[in-house]
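Chains as they are written, first to last, in our numbering: chain A, 72 to 406; chain B, 298 to 555; chain C, -9 to 343. Glycine is no exception: its CB is placed at the ideal position from the N, C-alpha and C atoms. All remarks here apply to the structure that follows.
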Amino acid sequence: MDISTQTTDASPPTPQPSVVQQKRNARGATRAGDRVFLGLSRGSGILLLVIMAAIAVFLTYRASLAISKDHGNFLTTFEWNTNLIPPSFGIAVLAFGTVVSSIIAMAIAVPIAVAIALFITHYAPRRIGGLVAYVIDLLAAVPSIVYGLWGGLILVPHMTGLFSWLNDFFGWTGIFSWDGGAPRSMLTVGILLAIMILPVITNVSREVFRQVPQMHEEAALALGATRWEVIRMAVLPFGRSGVISASMLGLGRALGETMAVATVLSPDFDIHASLLNPGGGTFAQNIASKFSEATADGRDALIASGLVLFVITLLVNGAARIIIQRRAEYSGANA
Amino acid sequence: MSKRIDVSGLTAYYGSHKAIDDISMNIEPRTVTAFIGPSGCGKSTFLRTLNRMHEVTPGGRVEGKVLLDDENLYAANIDPVAVRREIGMVFQRPNPFPTMSIFDNVAAGLKLNGSYKKSELTEIVEKSLKGANLWNEVKDRLNKPGSGLSGGQQQRLCIARAIAVEPKVLLMDEPCSALDPISTLAIEDLIGELKERFTIVIVTHNMQQAARVSDRTAFFNLAAVGQPGKLIEIDDTERIFSNPSVQATEDYISGRFG
Amino acid sequence: MSTAAVADKRPSTLQGASLPKWSPYAIVGGSIVLGVVIGLVGGLDSKIQWGLIAGLLYVFGTYGIAARVEGKRQAKDRVATSLVWVAFVVAVIPLVSLIWVTISRGVKVLDPYFLSHSMGVVADSEAGGGAYAAIIGSLEQVGLATLIGAPIGILTAVYLVEYGRGRLAKAVTFFVDVMTGIPSIVAGLFILSLMLIFDMQPFGFAGSLALAILMMPVVVRSTEEMLKLVPNELREASLALGVPKWRTILKVVLPTSIGGITTGVMLAIARIAGETAPVLLLVFGNPFINNNPFEGAQSSLPLFIYQQYANSAGANAAYDRAWAASLTLIAFVMILNLVARGIARWKAPKTGR
């Protein structure tokens, strides 16, 4: 450890005593420097708070302008006609579509992500595990628009077979009935979102599983547990809250994803029982698709829907934080 | 219920590093055998080869034979999971499952090995906790998490968990090294009681402890750092501590090195 | 009595009947063959279904065979293993496909011409044109966003780690967490609401502001982690020499962690470089070259991809350009990522182990 050299390098050179004396007397300058630097850094922190407040305030302000002009009911109207006079729009369809697509994405992505995290930490030979972890890391960085392009051009055509099969066997449920249109539907959106959030959930879960103390796993092994029983006994209970918060982070992403939905979905303004027929919409997708043709009032209406999305993601992320915090307390008690 | 262990020509590796070399010994049923020796001499590694825990470590590999009542644990058709059910283990640091209650911790091994009625479980848990001299301290809070207990209590909880599945052999890897003297004494008393029912093998750094609790003592040593550990001698504890047959043992016991 | 209960429920021998080592591979092979046969016989035209059938056969086959030979517990263990492997394969296929398709289609029109020309008056359905304007727009917008977001993020992290105590620090920590979760389109809408108030037309810098908002929390988080890694002994050694705190931070703390901070900033840049939604709202897109980010609509790479895809009505030339731009964007992001990781490894804080 070479503290001494490092600090000597970093501190001002120590020349003749007179200069040292001089510098030491410049107390005022020192204090001013401290004050300026503290001011700058604290100012940055405060600026962040101001930005957050401003986001809430300005979105609310524009949203209130829009809602006061809304001739329909903002919560229940099944249309988005902002160019009508008077305009009529509501978020019911968007809220439904956002929730449904996110639920599908979570239902697919969470189990698979947990399995891959287990694969990396407990099943794969070390080298392969490391390689997979690295690749998944990089995939988390692929821009969403590229997923969107891939979804729109590659995934959609590949869904027809699956859709007709689902329709054949589960069409009677209504949820999986399909009239043979292009598979640009909520299910496809959900699957694409699942693929997109998979790397995020995998990465966080992997970290959590890796932190499981070796001694808990050995305790299970010494009792004569199989590998799966070790995971059930020691790994999953320890990692549960971590996986939940990872899923929440993924959910936050899925809720707010714009481009991947906009490229895959062929939207309309109705709620459909079937997940396979095209139609529906999400908050973010609706903003992106309606924006270019929107008038000033239309933009306010889109901002209003964005505010709802903002609040939803705040709640989801807040919940994730609380869970993480509880986990911190809990593991502290065990230390 | 307890069984004898016969080890012959056992060598263990970590990757390409040979950790212990060509060890042979016999461990009698219903005895306490202590392993002593300087750090890094491979006594813990050897202990872990006795219930096939060594191979859990990445790169861990074993050659040689370990016979449990004439059955070779390293034969091709042996299931390591079944081995660990027969040969229980207690670790250096108490490791109760943090997410389970005291009751569930003791019942954890049982639940793996078949379905028990609630009444059967309650009975076995009580018996195991009594066997570990812990019952009186925890009987009113069986549903509280095991991590809330003191270190010594946690270690006895781990012993209760290990004996609940009624193994034939109990391996203890420095079970007292993380405990205070009073808890250590409690565990040592417990070992004396447990040897009526189990074959016990204990690794310890503390020579007084070995002298107090064990019937037989094995001394391990290594020629130099990086060299594999070897068994120097194994004999009745009394002889090892009074009149060992190898000079190195005497040097170690009288504190000349280690 | 309990002894008997225990003994009864356990095989008395150490030998479990076990499947031969090659059995998992055999089951995999068998399931794939069966899946293909069922697919062919049933006339299923989707390869996805073939794969799903093979996967199901594999999982259930494993359980059935293992349960018969080895018992239930072993069977469960094997099923868990097979499920984990299936999940891995299921997840890897789309991800590999994504990368493969982007590369194989992207190289078609990705050439110096594509990188140095813009769309201009080339119609969306025609071949030709390129992403030059989009690349310029991306570089300028992301560059400006970094100039704003990185210093604020780093300074905030310095505040939290070096000074932060009390309520303000707690509030900042909390809201940084919250900010991490803001959907990018909401950040875009926020800047949009400001622009509506001042009745402004789209321009590049507006996009930069939204991107900077998205970038700040990421930089704060990563910088915080890095500053926390700097051992306290270093700070104390410097302070004990009478060096004022701000100089200690500037000359000791930050230089020690500069590698990690750079890595964090580069990863944040990689993230915002791929953002489309706010750019769509605020910068609008422009087929012509506009070098001035402070006036008039610009383009950007992600936006270029989206518009080539969405406005082209299925023209292959436009799709080719979209893939080429995707490849360019991914290459940019991946290079940033790799370099960032390289820096992290190379300049890892020397904490003396």
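(message) Under 8 Å, Cβ to Cβ, is there at least one residue of chain B near R397(A)?
(response) Not one chain B Cβ lies under 8 Å of R397(A).
(message) As an exercise, report each continuous alpha helix (DSSP H) stretch of at least 4 residues that is fully enclosed by the region 247 to 287 of chain C, in chain order.
(response) Restricting attention to alpha helix (DSSP H) runs no shorter than 4 residues, the region 247 to 287 of chain C encloses them at 267 to 272, ordered along the chain.
(request) Report the neighbours of V380(B) on chain C: residues whose CB is nearer than 8 Å to its CB, in chain order. (result) Listed along chain C, the residues sitting closer than 8 Å to V380(B) by beta-carbon distance are L4.
(request) Decide if the region 509 to 525 of chain B is in contact with the region 323 to 341 of chain B; the criterion is three or more beta carbon pairs, one per stretch, under 8 Å apart. (result) They touch, by the three-pair rule.
(request) Answer yes or no: do E319(B) and G337(B) have a C-beta to C-beta separation smaller than 8 Å? (result) The identity of residue 319(B) in the sequence shown is Asp, whereas the question assumes Glu. Contact: no.
(request) With 8 Å as the limit, tell me which residues of the region 169 to 183 of chain C have their beta carbon closer than that to any beta carbon of chain A; keep them in chain order. (result) Cβ proximity to chain A below 8 Å picks out M169, T170, G171, I172, P173, S174, I175, V176, A177, L179, F180, L182 and S183 from the region 169 to 183 of chain C.
(message) Does I122(A) come out as helix, strand or coil in the three-state DSSP assignment?
(response) Residue state for I122(A) is assigned as helix, using DSSP reduced to three classes.
(message) With a threshold of 8 Å between beta-carbons, can F280(A) be considered close to chain C, or not?
(response) For F280(A), the answer is no, since every Cβ of chain C falls outside 8 Å of its Cβ.
(request) Please look up how many angstroms separate the CB atoms of F362(A) and L373(A), rounded, as I've assumed it's under 8 Å. (result) Right, their Cβ atoms sit about 6 Å apart.
(message) Counting only Cβ-Cβ distances shorter than 7 Å, please list the residues of the region 292 to 319 of chain A near chain B, keeping chain order.
(response) Cβ contacts with chain B: L292, A293, L294, G295, A296, T297, E300, M304, A305, P308 and F309.
(message) On the criterion of 16 or more Cβ atoms from any shown chain inside 10 Å, does T496(B) qualify as buried, or is it exposed?
(response) If you draw a 10 Å sphere on the C-beta of T496(B), you find 16 or more other C-beta atoms in it, and that means buried.
(request) Under the assumption that L237(A) contacts L347(A) (Cβ atoms under 8 Å), give the Cβ distance between them as a whole number of angstroms. (result) Rounded, the Cβ-Cβ distance is 6 Å, consistent with contact.
(request) Please list the partners that M123(A) has in chain C, where partner means a Cβ-to-Cβ separation under 8 Å. (result) Neighbours of M123(A) on chain C, chain order: F165, V168 and M169.
(request) Identify every residue that forms a DSSP beta bridge with T496(B). (result) Paired residue(s): V466(B).
(request) At 9 Å on the CB atoms, spell out the chain C contacts of W221(A), in chain order. (result) Per Cβ cutoff of 9 Å: P84, S87, L88, V91, T92 and S316.
(message) Using the Cβ count rule (16 or more neighbours within 10 Å means buried), how would you classify S106(C)?
(response) S106(C) is exposed by the Cβ-count criterion.
(request) List the residues that DSSP assigns as beta-bridge partners of M386(B). (result) Partner(s): L468(B).
(request) Could you run through the region 425 to 453 of chain B and flag, in chain order, every residue whose CB is less than 9 Å away from some CB of chain C? (result) Result list empty, no residue passes.
(request) Give the range of the beta strand (DSSP E) segment to which G361(B) is assigned. (result) Taken as a continuous stretch (DSSP letters only), the beta strand (DSSP E) holding G361(B) covers G357 to L365.
(message) For I393(A), count the other beta carbons within 10 Å of its own beta carbon; 16 or more makes it buried, fewer makes it exposed. Which is it?
(response) By the neighbour-count criterion, in which a residue is buried when 16 or more other Cβ atoms sit within 10 angstroms of its Cβ, I393(A) is exposed.
(message) Mapping the DSSP letters down to three states, classify L231(C) as helix, strand or coil.
(response) For L231(C), the secondary structure class from DSSP, reduced to helix, strand or coil, is coil.
(request) Pull up the CB-CB distance for S159(A) and T148(A), whole angstroms please, since I reckon it's below 8 Å. (result) Distance from S159(A) to T148(A) at the Cβ level is roughly 6 Å; contact confirmed, criterion being Cβ atoms closer than 8 Å.
(request) Could you spell out where the alpha helix (DSSP H) holding A325(A) opens and where it closes? (result) Residues L307 to G327.
(message) At the level of alpha carbons, what is the spacing between G313(A) and A265(A)?
(response) Distance between the alpha carbons of G313(A) and A265(A) is about 19 Å.
(message) To the nearest angstrom, how far is the alpha carbon of R324(A) from that of I175(C)?
(response) Looking at the backbone, the Cα of R324(A) and that of I175(C) are separated by about 11 Å.
(message) With three or more beta-carbon pairs closer than 8 Å as the criterion, would you say the region 131 to 150 of chain C touches the region 205 to 217 of chain C?
(response) Short answer: they touch.
(message) Helix, strand or coil, according to DSSP, for A316(B) in the structure here?
(response) Looking at A316(B) - three-state DSSP - the assignment turns out to be strand.
(message) Rounding to the nearest angstrom, what Cα-Cα distance links T308(B) and L322(A) in this structure?
(response) When the Cα atoms are used, T308(B) and L322(A) turn out to be separated by approximately 51 Å.
(request) Please name the residue or residues paired with K427(B) in a DSSP beta bridge. (result) According to DSSP, K427(B) bridges with nothing at all.
(message) On the CB-based measure, 16 or more other CB atoms within 10 Å of its CB, does P478(B) come out buried or exposed?
(response) Classification of P478(B): exposed, given that the 10 Å Cβ count is below 16.
(message) Given this structure, state the Cα-to-Cα distance separating M322(B) from L47(C), to the nearest angstrom.
(response) Those two C-alpha atoms are separated by around 49 Å.
(request) With 8 Å as the threshold, decide whether the Cβ of T273(A) is near any Cβ in chain B. (result) T273(A) does not count as touching chain B.
(message) Among the candidates G154(C), G120(C) and G178(C), whose CA atom is the shortest distance from the CA of P102(C)?
(response) Among G154(C), G120(C) and G178(C), the Cα nearest to that of P102(C) is on G120(C).
(message) I need the DSSP call for Y413(B), collapsed to helix, strand or coil.
(response) Coil, per DSSP.
(message) Is there a Cβ of chain B sitting closer than 8 Å to that of R197(A), yes or no?
(response) Contacts with chain B at 8 Å (Cβ-Cβ) include R197(A).
(message) So that I know if they touch, is there some Cβ in chain A lying closer than 8 Å to that of T266(C)?
(response) So, interface residue.
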